[in-house]
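Positions 269 to 1041 (this note's numbering) are the ones given, in order, by the sequence shown.
Don't be surprised by glycine CBs; every beta carbon is placed ideally from N, CA and C.
Only one structure is covered here, and it is reproduced in the block below.
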Amino acid sequence: MSEARGLLQGLRFPEDRLEAVRILRSCVQVEGEAMRQAHLAGAGGVVTVRRLAGVIDRVLDASYTFLWESPSFTHGRRLPRVGIVAVGGYGRGDLNPFSDIDIVLLHPPKADDLSTHFMIELMHFLWDIRLPLSHSNRSIANCVEIARHELTAKTSFIESRPLVGDASLIQQFEESVGRELLQKGVGRFIQEKAAERNRRHAMHYSSVSLLEPNVKESPGGLRDYHTALWVGATRFGARSLEQLQAVGVITREEQRTVAQAYDFLLRVRTDLHFSQQRKSDVLAIEVQEDTALRLGYVRNGPALAVERFMRDYYLQAREMYHFCASALHRCRPQKRGIGKVLGYMSQKDLGHGFVVTRGELEAKEQGKDPFRERPTLLLEVFLQCQQLGVRPSEDLKALMRARLGLLDEAFRGDPEHSRLFMDILKTPHAAQALRFMHEVGVLGAYLPEFQQITCLVHHDLYHKYTVDEHTLRAVEYVEELPATTDKELKEFAKLSQSIPNPEVLKLALIYHDVGKTKGVEHVEESTVLAREAMERLGLGQKSAGQVELLVRSHLLMNHLAQRRDITDPKIIADFAETVKNVENLKLLCALTYADTRAVGPDIWTVWKGALLWELYMRTHQYFTQEEEVVVTGEALIAQVKGEVLSALSSRMAQAAVDAFFNAMPYKYILSTPAGTIAQHVQLIGGLKDGKLATKHTHYLDLGYSELMVCMRSKPGNFSKIAGTLAAMNINILGAQIYTRNDGLALDTLQIESLEKKPILDDGVWQRLDSELY
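So this is what it looks like as C-alpha cells:
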C-alpha cells in the first residue's frame, strides 16, 4: 500500500483535497488504460481483474490514510473508529473494468460524531475520484443480522476481504463472519443457492447454448463459478479452486479445466466492459464479431472467426455449468442419524454396482469403477434411468466422464451396443436420456458425427441455439408431440401418434444437421454422414433408407409450403415422388415440425403450421385417392362457377359472375376456393371511383388477418402495398397475386401484427385504406 500512499505524500486534508483527488483519479485512469492495452495484447482474464482490484485497493488505502492522518480527525480528539471491508466480487479480488466496487464501512455499534463525520468525508472524497462505488455503513451486529435474513447479503459477506482501518473492528468482523455465516445454517444456505441457480437458469431458457448469452448470469456463466465457491466456503471453508481440490470437492483435472474456463469467461467480460466503456455482460450478436477479432480469433476454413470464438465460449460455459452442478451436489451436508438410516433403507440395488437413492442412479460403492470392468454399462446406465424415471447422480456423471476413452471404435462397432442405443431411442423419455448422455459426453463419444456439432455455431439472427442444442430440442419437441394438449397442434399430434417407428424419426433428427461443420449448405454432407452411421449401427435396410431420405429432405417441406405454390398439382406430384409413400410423408412432416420449433422460441407460428399441414394433406390425398374423377375445361369452370353462385346467392347477377370468370386465368379458377372467388367478385363491385377496393377478414384461430385489394394493374402496385404495410409495422405472411385480362389486379395477403396476432384495430384498417387510395 505504500506505493499509493506515496502518491499523496506531503499533501494535507482539507487544504490539498482537490490535488489529492486529481492525483488518485489520474492514477485510476492511467492504470485502467495500461490494463486495457495489456488486455488487447493478450493478458489473461484473471490477471486483469486482479490487477484492477489491486489498484482500487491502493486507492482506497491512500484515500483512507489521507483523511485519517489529517489534523481534522486527529488533533486533540479520539481517532475515528472506521474500517473498510471489500465485499462481493471486489471482496473476492476479481474486479472487471466497469463493475461496481462493493464496500462496507464498519463502525462501532453506536458510531460517534467523529466516526460519522469521517465516513461522510471519505465517501465524498471517493465519489470525487469517480469510483463506481456501491457502499453501506454498518455495525458488525447489523452485518450479521441482515445476513441472517437476506441471502444476497450473506453471500456478499462470505466473500469479504478487509482493506484498511480500525484493526479491532476488522478482526471482530472476520470472527463474526466465520462464526455466524460460515458455520451456521450450512444446509439451508446450499439449498437456497441451488434454488437460486435454478431460477436464474430458467430466466435464460435453462440453456448454455443461447444465441446471445449473458457472460455473468446465463447457465455456465461466471455466476455459476461464484455459486460453487460460495457453497464450498460454507461447507468446507474452501474459498478457491485449490482449496476445493484439497478437500476433495473437485479433482486436479477438474481444477485445471475450471480454472481455464474461468479465465476465458473473465477475459470475455473484460473485453465487453472495455469495448463498450460501461458494465456490459451480454454477448449480443452485433458485438460478437468484433469481440472475436479483439480476442485474436481468425477464420479457419468454413468457420468464421466469430463462430470459432462462440464455439469456444459454449465449450467453456459447459465446463462451468458442470462444475457448479457437481459442487452443489458434493457440498450437500451428509444426512445423519435417522435420516441416514432412512436413506439406506430407501436404496434400490440394481446390480452391477448401482443403486437408486432419492431419485438418482449412483455407484453403490464410492471409489469403485464398474465401467472399467464392463464398458457396456456406459450405455446401460441411461436405459436404466429411462426405465426407472431417475437421473444419474453428479458423482456418477463425473465417473463416466473419466471413462469416455472406453468408447472407442471397437465399442461403437459392437452390435450389442447398437441394440442398446436403439432401445434408448425406443423407450419413453429418450430425449431426456440423450440430454444426459450429451452432458456426460457419452453421446458424442458414441456418435462421433454428433461430437463434431457440439457447441457448433452459425452466426445469424435466425438460429437461437448451437447446433447440438437445436438438435436435442428437436428430439424433445417430437417426443412431446403425441401427448400435447395444444389445440393448434392437434392434427400434428394425431399424425405423430400413427408413426410406427419413432426411433427412426429421432435418429434422423440426431443426424439432420451433422454436416454443418462444412458450412451452411450442409444437406449433402449430413446425408453422407447419416448413411455411414446407419451402416455402423447395423440398421435394417428400410429404416436406414428412411433415415437417409429424411436427412436429405429435411428442408424440403418448409421450402415448398412457404415459398412455392402448393396448389399446383405438379408441385405436389413431384414432392410425392420424393417422399415415396405415406409413412415417409408422416415422418418428414413430424421432423419438419420439430426442426422448425427447435430453431428458437418465436420461429414456429400458427401460419407456418397451417401451410405445412396444407402441404401434408394435399400430398396425403395424392397418395390415397383411389380413383380421381377428372374434371377439365368447361366442366370444371361450370362446377366452380356453380359453387360461387351458391355462395353469392341472389346478391350478384349471373352476368357479373360470367364476366369475372372470363377475365381470370385458368390457374386462378383451379387453385382458389369458391368462397374466396365469391369475395373477389363482390370486391370488384365495390371499386372506389374505379380505382381501389379493399376487404379484410380475421382468422382468429389461425392468428392472422387477410387483406384483399383490387386496383387497376400498373408497375409498383404490390411494392406500394408491401411498403405501406411495412411502414405500419405489419408483417406479410403470404400473398396470392392475380391480374385479370382487363387489367384489374386482385391481391390477397395474409398479414399479422408485430405481436404475431390478427389486426383487430379498426383505426389501422382505416389508415391503410387512406394510404392505399
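Inter-residue Cα distance where the pair is residue i and residue j
{"i": "residue 648", "j": "residue 691", "result": "10 Å"}
{"i": "residue 379", "j": "residue 425", "result": "21 Å"}
{"i": "residue 464", "j": "residue 365", "result": "26 Å"}
{"i": "residue 1004", "j": "residue 825", "result": "19 Å"}
{"i": "residue 779", "j": "residue 891", "result": "28 Å"}
{"i": "residue 267", "j": "residue 651", "result": "Because the chain is modelled from 269 through 1041, residue 267 falls outside the range shown and cannot be assessed."}
{"i": "residue 731", "j": "residue 785", "result": "15 Å"}
{"i": "residue 1015", "j": "residue 971", "result": "20 Å"}
{"i": "residue 682", "j": "residue 791", "result": "28 Å"}
{"i": "residue 988", "j": "residue 1039", "result": "9 Å"}
{"i": "residue 1030", "j": "residue 839", "result": "38 Å"}
{"i": "residue 1025", "j": "residue 754", "result": "17 Å"}
{"i": "residue 922", "j": "residue 914", "result": "11 Å"}
{"i": "residue 277", "j": "residue 511", "result": "40 Å"}
{"i": "residue 687", "j": "residue 646", "result": "13 Å"}
{"i": "residue 494", "j": "residue 542", "result": "22 Å"}
{"i": "residue 1021", "j": "residue 502", "result": "52 Å"}
{"i": "residue 280", "j": "residue 363", "result": "30 Å"}
{"i": "residue 893", "j": "residue 765", "result": "22 Å"}
{"i": "residue 763", "j": "residue 974", "result": "28 Å"}
{"i": "residue 964", "j": "residue 1017", "result": "9 Å"}
{"i": "residue 728", "j": "residue 360", "result": "37 Å"}
{"i": "residue 795", "j": "residue 770", "result": "19 Å"}
{"i": "residue 805", "j": "residue 695", "result": "17 Å"}
CB contact flag (residue i, residue j, <8 Å)
{"i": "residue 980", "j": "residue 932", "result": "no"}
{"i": "residue 747", "j": "residue 701", "result": "no"}
{"i": "residue 1006", "j": "residue 934", "result": "no"}
{"i": "residue 551", "j": "residue 480", "result": "yes"}
{"i": "residue 564", "j": "residue 310", "result": "yes"}
{"i": "residue 350", "j": "residue 430", "result": "no"}
{"i": "residue 767", "j": "residue 866", "result": "no"}
{"i": "residue 977", "j": "residue 949", "result": "no"}
{"i": "residue 496", "j": "residue 592", "result": "yes"}
{"i": "residue 706", "j": "residue 740", "result": "yes"}
{"i": "residue 945", "j": "residue 882", "result": "no"}
{"i": "residue 461", "j": "residue 498", "result": "yes"}
{"i": "residue 929", "j": "residue 905", "result": "yes"}
{"i": "residue 415", "j": "residue 409", "result": "no"}
Pick from the options that is closest to residue i, judged by C-alpha positions
{"i": "residue 577", "options": "725, 462, 450", "result": "725"}
{"i": "residue 668", "options": "696, 688, 967, 704", "result": "704"}
{"i": "residue 539", "options": "557, 965, 784, 630", "result": "557"}
{"i": "residue 483", "options": "792, 710, 905, 583", "result": "583"}
{"i": "residue 468", "options": "456, 457, 491", "result": "491"}
{"i": "residue 837", "options": "885, 488, 774", "result": "885"}
{"i": "residue 678", "options": "660, 708, 715", "result": "715"}
{"i": "residue 889", "options": "844, 568, 587, 521", "result": "844"}
{"i": "residue 926", "options": "910, 591, 864, 713", "result": "910"}
{"i": "residue 487", "options": "507, 533, 506", "result": "533"}
{"i": "residue 282", "options": "939, 348, 307, 340", "result": "340"}
{"i": "residue 398", "options": "408, 368, 423", "result": "368"}
{"i": "residue 580", "options": "723, 475, 796", "result": "723"}
{"i": "residue 994", "options": "983, 959, 960, 1032", "result": "1032"}
{"i": "residue 942", "options": "760, 907, 372, 288", "result": "907"}
{"i": "residue 810", "options": "829, 832, 848, 830", "result": "848"}
CB contact below 8 Å: residue i versus chain D
{"i": "residue 871", "result": "Of the protein chains in the structure, only one exists, and it is not chain D."}
Distance between beta carbons of residue j and residue i, contact taken as under 8 Å
{"i": "residue 776", "j": "residue 818", "result": "4 Å"}
{"i": "residue 390", "j": "residue 331", "result": "7 Å"}
{"i": "residue 662", "j": "residue 597", "result": "4 Å"}
{"i": "residue 1001", "j": "residue 1027", "result": "Contact flag wrong, Cβ pair sits at about 12 Å."}
{"i": "residue 317", "j": "residue 296", "result": "Residue 317 to residue 296, Cβ: 15 Å. No contact."}
{"i": "residue 450", "j": "residue 505", "result": "6 Å"}
{"i": "residue 782", "j": "residue 718", "result": "6 Å"}
{"i": "residue 500", "j": "residue 595", "result": "6 Å"}
{"i": "residue 855", "j": "residue 773", "result": "5 Å"}
> Which ranges would you report for the alpha helix (DSSP H) in the stretch 630–689 if only whole runs of at least 4 residues count?
Replying inline: Listed in chain order, they are 638–641, 645–656, 662–669, 677–680.
> What are the uninterrupted segments assigned as beta strand (DSSP E) that are 3 or more residues long and contained completely in the stretch 384–422, given in chain order?
Replying inline: The stretch 384–422 contains these whole beta strand (DSSP E) runs: 401–406.
>> Which complete alpha helix (DSSP H) runs does the stretch 493–521 hold, if anything under 4 residues is left out?
In response: Complete alpha helix (DSSP H) runs here, min 4: 509–514.
> Whole alpha helix (DSSP H) runs in the stretch 752–813 with 4 or more residues, listed along the chain?
Replying inline: For the stretch 752–813, whole alpha helix (DSSP H) runs of length 4 or above, ordered along the chain, are 758–765, 770–779, 791–805.
>> Could you tell me which whole alpha helix (DSSP H) segments of length 4 or greater appear in the stretch 931–1017?
In response: Counting whole runs of 4 or more residues, the stretch 931–1017 contains the alpha helix (DSSP H) stretches 934–939, 942–953, 985–995.
> Which full runs of the beta strand (DSSP E) of 3+ residues lie inside the stretch 428–505, going along the chain?
Replying inline: Along the length of the stretch 428–505, whole beta strand (DSSP E) runs at least 3 residues long occupy 429–433, reported in chain order.
>> Could you tell me which whole alpha helix (DSSP H) segments of length 4 or greater appear in the stretch 684–745?
In response: Annotation note: the stretch 684–745 contains the following uninterrupted alpha helix (DSSP H) runs of length 4 or greater, listed N- to C-terminal: 698–708, 710–714, 716–719.
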